[in-house]
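Student: Starting off with a structure, shown below.
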Amino acid sequence: MLFVELARTSAAVASTSKRSDKVAAFADVFGRLAPDEIAPAVAFATGSTLIGRLGVGWATLRDVRPEPATTPSLTIGDVDRAVVTLASISGAGSQARRRDVLHELLAAATEPEQRLIVGIIGGELRQGALDGVVAAGVAKAAGVAVGQVQRGAMFAGSLPAAARVALTAGQPGLAAIELTPAQPVQPMLASPATDVGDALSNTGLASVEWKLDGARIQAHRSGGEVKLFTRNLNDVTDRLEGVARTVLELPGGDLVLDGEVLGLDADGAPRRFQDTMGDFGADETGRGSGLRAFFFDVLHAGGSLVDEPLATRRDVLSETVPETSRLPSIITADADDAAAFLDRAIAAGHEGVMVKDLESAYDAGRRGGAWRKVKPVYTFDLVVLAVEWGHGRRQGWLSNLHLGARGSDNEFVMVGKTFKGLTDELLRWQTERFLGLELGREGHIVHVRPEQVVEIAVDGVQVSTRYPGGVALRFARVRQYRHDKSAADADTIDQVRSLLR
DNA sequence: CACTTATAATC
DNA sequence: TTCGCAG
DNA sequence: CTGCGAAGATTATAAGTG
Numbered sequence: 011m012l013f014v015e016l017a018r019t020s021a022a023v024a025s026t027s028k029r030s031d032k033v034a035a036f037a038d039v040f041g042r043l044a045p046d047e048i049a050p051a052v053a054f055a056t057g058s059t060l061i062g063r064l065g066v067g068w069a070t071l072r073d074v075r076p077e078p079a080t081t082p083s084l085t086i087g088d089v090d091r092a093v094v095t096l097a098s099i100s101g102a103g104s105q106a107r108r109r110d111v112l113h114e115l116l117a118a119a120t121e122p123e124q125r126l127i128v129g130i131i132g133g134e135l136r137q138g139a140l141d142g143v144v145a146a147g148v149a150k151a152a153g154v155a156v157g158q159v160q161r162g163a164m165f166a167g168s169l170p171a172a173a174r175v176a177l178t179a180g181q182p183g184l185a186a187i188e189l190t191p192a193q194p195v196q197p198m199l200a201s202p203a204t205d206v207g208d209a210l211s212n213t214g215l216a217s218v219e220w221k222l223d224g225a226r227i228q229a230h231r232s233g234g235e236v237k238l239f240t241r242n243l244n245d246v247t248d249r250l251e252g253v254a255r256t257v258l259e260l261p262g263g264d265l266v267l268d269g270e271v272l273g274l275d276a277d278g279a280p281r282r283f284q285d286t287m288g289d290f291g292a293d294e295t296g297r298g299s300g301l302r303a304f305f306f307d308v309l310h311a312g313g314s315l316v317d318e319p320l321a322t323r324r325d326v327l328s329e330t331v332p333e334t335s336r337l338p339s340i341i342t343a344d345a346d347d348a349a350a351f352l353d354r355a356i357a358a359g360h361e362g363v364m365v366k367d368l369e370s371a372y373d374a375g376r377r378g379g380a381w382r383k384v385k386p387v388y389t390f391d392l393v394v395l396a397v398e399w400g401h402g403r404r405q406g407w408l409s410n411l412h413l414g415a416r417g418s419d420n421e422f423v424m425v426g427k428t429f430k431g432l433t434d435e436l437l438r439w440q441t442e443r444f445l446g447l448e449l450g451r452e453g454h455i456v457h458v459r460p461e462q463v464v465e466i467a468v469d470g471v472q473v474s475t476r477y478p479g480g481v482a483l484r485f486a487r488v489r490q491y492r493h494d495k496s497a498a499d500a501d502t503i504d505q506v507r508s509l510l511r
């Protein structure tokens, strides 16, 4: 199939807000793909490729922009092959060679094809459709239920893989896809709760577990071989030798575990997330060996457990994994008990707790109400130093706020940015407000007189080398504008720093 | 060799 | 990772 | 209730520059 068909479909999908129209458009093209085109085409439709790192990002895309071709000629296979080529280039001179390959690809692409390619490689397709809509398109084309496709994607580890099965083998093929050790599955996700009472009101009797501030890890043991995957299903086995050894030594046969890795200090206290990531990100050389795994769920042990209730999976976990490699947890429906447990987790230096419905199955890939996360929120009253013009649906509005804490003698120290928590009404208000405080412009940044105070919620702060105060906010979001406060009432840089540990 | 830029990963 | 909006 | 897009901070490594 010609790539331009996919490109036209993407453009059509972007131009409508009607989900059903998007689904129908995708279903039309998916139904006409040759078997070998299915996986790459579905990946392209979701704005990604079958391969992870291409070594090409926004900066390269910005520089390499040949004139579009006037006639479409590229096939789905052509684009797929170009992607494989890009990913394979390395060594000295690789940047120039990647540019050459990219230039050749884009020069052969018509205008809509260029838009799709740039969106895919840049990772910002913004067509109003990702895995959810595309899965629905696959289901429609294959004549099966969306849930079947989603389930297949969860256990096959990716939507493109499930799509190929759906479109070539239909419902029976999809039904045959099962959780298989050594084959990573989409991890179950949690939605946020304001406090443990809020969480428990949704879950009922729950397993309340420490939430560690590390990286999610999925451990598979199959035929005496261990594989470790991240939340995004990247294989990190050779970065975590110690963890792999631990899993290898557990009793029983084939096994799939869900957990978190992080580093511990000599006294057993959790290291800062930044330090854990330092070890985690480092290649081999044994640096990641300082990381330890703490498991909280088991998906497979002598058979699949994903459809079993959490209560059962917990029992299996405690029989399989020693307490030292498990997360502390309690079973309760009582908010006071849960709150006390949360306090202990915080006192031990951890991020918070997870509250999980004891009766719930392991809903791979879902972010439902069965798992809720609870972590403390801190607030600061900060001063807006500058604002950036928004993109996409925020085009024409001042959006991203530069935030400053009060330093010495009327100086403000920037500690981060945020665009979160703003309603459309607030965006309108702040655009007018900050244009009124404008001092000057620098690209898409509007500098303003430091007068407007805003209450900012954060999960915490972190050490920073790029911000002048040596501290940066973590997950900052707007709570409200403080019309009752002036800049002189804002919180100080020392108050922000006091949250460091 | 030191430093910068680009990319991709975690949260 | 958080949050608001639209379907 | 679900999916999407608005963008944040940090880390590491590879490749390019002077």
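In terms of this note's numbering, the first sequence opens at residue 11 and continues consecutively. Using N, Cα and C, we set each Cβ at its ideal position, and we do this for glycine too. Values in this document were obtained by computation on a predicted structure and should not be read as measured data.
1. Identify, in the order they occur along the chain, each residue of the same chain with its Cβ nearer than 8 Å to the Cβ of T81, setting aside the five sequence neighbours on each side.
2. Expressed to the nearest angstrom, what Euclidean distance is found between the alpha-carbon atoms of P2 and D469?
3. According to DSSP, simplified to helix, strand and coil, what is W407?
4. Distance check for S27 and V257, CA to CA, integer angstroms please.
5. Determine the direct distance from the alpha carbon of V393 to that of S6, and round the result to whole angstroms.
6. Assuming the contact rule is C-beta atoms closer than 8 Å, V144 and V66 should be a hit. Round their C-beta distance to whole Å, please.
7. Which residues does DSSP list as the beta-bridge partners of V488?
8. By the 10 Å Cβ neighbour count, where 16 or more other Cβ atoms means buried, how is W68 classified, buried or exposed?
9. Between which two residues does the beta strand (DSSP E) harbouring R377 extend?
10. Using a threshold of 9 Å, state whether the C-beta atoms of V513 and A371 are closer than that.
11. Look up A225 in the DSSP assignment and give the residues it is bridged to.
12. With DSSP as the reference, identify every bridge partner of R416, one or two as the case may be.
13. Within the same chain, show all residues whose beta-carbon is closer than 8 Å to that of L413, passing over the 5 residues directly before and after it, in chain order.
14. Measuring alpha carbon to alpha carbon, tell me which residue in I127, V23, V154 is nearest F36.
15. Buried or exposed: where does A254 fall if 16 or more other Cβ atoms within 10 Å of its Cβ makes it buried?
16. Which same chain residues, not among the five before or five after V148, have their C-beta less than 8 Å away from its C-beta?
17. Residue range of the alpha helix (DSSP H) that I48 falls in?
18. In this structure, what does DSSP give as the bridge partners for Y388?
19. Report the three-state DSSP secondary structure of K495 (helix, strand or coil).
20. State buried or exposed for L510, treating a residue as buried only when at least 16 other CB atoms are found within 10 Å of its CB.
21. Exposed or buried, which one is A348 when buried takes at least 16 other CB atoms within 10 Å?
22. Which class does G147 belong to by DSSP, given the choice of helix, strand or coil?
23. Tell me the DSSP bridge mates of F305?
24. Taking the alpha helix (DSSP H) that S25 belongs to, which residues open and close that run?
25. Are the CB atoms of S20 and A55 nearer to each other than 9 Å?
26. Report yes or no: do the region 202-209 and the region 226-246 share at least 3 C-beta pairs separated by less than 8 Å?
27. Can you tell me whether M364 is helix, strand or coil according to DSSP?
28. Between R109 and S98, what straight-line distance do the alpha-carbon atoms span, to the nearest angstrom?
29. Could you check which residue in I127, A179, V93, P280 has the C-alpha nearest to that of R72?
Tutor: On the basis of the supplied data:
1. Translated into positions along the first sequence, residue 81 becomes position 71. Hits under 8 Å: T120.
2. The question about residue 2 has no answer here: the residues shown for the chain are numbered 11 through 511.
3. Stepping through the first sequence from its first residue, residue 407 is reached at position 397. Assignment of W407 by DSSP, reduced to helix, strand and coil, places it in the coil class.
4. The sequence position of residue 257 within the first sequence is 247, counting from 1. The sequence position of residue 27 within the first sequence is 17, counting from 1. Cα to Cα, V257 sits roughly 47 Å from S27.
5. This structure does not reach residue 6, given that the chain is present from 11 up to 511, and the question cannot be answered.
6. Position 134 of the first sequence, counting from 1, holds the residue named residue 144. Position 56 of the first sequence, counting from 1, holds the residue named residue 66. Actually they are not in contact, since the Cβ atoms of V144 and V66 sit about 23 Å apart, beyond 8 Å.
7. Taking the first residue of the first sequence as position 1, residue 488 is located at position 478. Bridge partners of V488: I466.
8. By 1-based counting over the first sequence, the position of residue 68 is 58. It is exposed - the Cβ of W68 has fewer than 16 other Cβ atoms within 10 Å.
9. For the purposes of this step, residue 377 is taken as the residue at position 367 of the first sequence. Segment 377-384, the beta strand (DSSP E) holding R377.
10. Residue numbering for the chain in the displayed model covers 11 to 511; residue 513 lies beyond these limits and cannot be assessed.
11. The residue you call residue 225 lines up with position 215 of the first sequence. Answer is V271, bridged to A225.
12. As a first step, residue 416 is located in the first sequence; it is residue number 406 there, counting from the start. In DSSP, R416 forms a bridge with F422, T502.
13. Residue 413 sits at position 403 when you count from the first residue of the first sequence. Excluding residues within five positions, the ones whose Cβ falls inside 8 Å are L392, V393, V394, L395, M424, V425, G426, K427, T428, V464, I466, L483, A486.
14. As a first step, residue 36 is located in the first sequence; it is residue number 26 there, counting from the start. Residue V23 is the option with its Cα nearest to F36.
15. Reading the first sequence from its first residue, position 244 is the one you call residue 254. Answer is buried; the Cβ neighbour count reaches 16.
16. Position 138 of the first sequence holds residue 148. Excluding residues within five positions, the ones whose Cβ falls inside 8 Å are F36, A37, F40, V52, V159, L169, A172, A173, A176, L177.
17. Here residue 48 refers to the residue found at position 38 when the first sequence is read from its first residue. Unbroken alpha helix (DSSP H) run through I48: 45-55.
18. Translated into positions along the first sequence, residue 388 becomes position 378. The partner list for Y388 (beta bridge, DSSP) reads V468.
19. Within the first sequence, numbered from 1, the residue matching residue 495 stands at position 485. It is coil, neither helix nor strand.
20. Looking up residue 510 in the first sequence gives position 500. Exposed is the call here.
21. Residue mapping note: residue 348 aligns to position 338 of the first sequence, counting from 1. Around the beta carbon of A348, 16 or more other beta carbons lie within 10 angstroms, which makes this residue buried.
22. Here residue 147 is taken as the residue at index 137 of the first sequence, counted from 1. DSSP, read as helix, strand or coil, puts G147 in helix.
23. Locating residue 305 in the first sequence gives position 295, counting from the first residue. Answer by DSSP bridge pairing, in chain order: G269, R336.
24. Here the question's residue 25 lines up with position 15 in the first sequence. 13-25 is the span of the alpha helix (DSSP H), which, as asked, contains S25.
25. For the purposes of this step, residue 20 is taken as the residue at position 10 of the first sequence. For the purposes of this step, residue 55 is taken as the residue at position 45 of the first sequence. Result yes, Cβ atoms of S20 and A55 sit closer than 9 Å.
26. no
27. Within the first sequence, numbered from 1, the residue matching residue 364 stands at position 354. Here M364 sits in strand by DSSP.
28. Within the first sequence, residue 109 is the residue found at index 99, counting from 1. Within the first sequence, residue 98 is the residue found at index 88, counting from 1. Rounded to the nearest angstrom, the two C-alpha atoms are 13 Å apart.
29. Along the first sequence, read from residue 1 onward, the residue named residue 72 stands at position 62. When only C-alpha atoms are compared, the closest one is I127.
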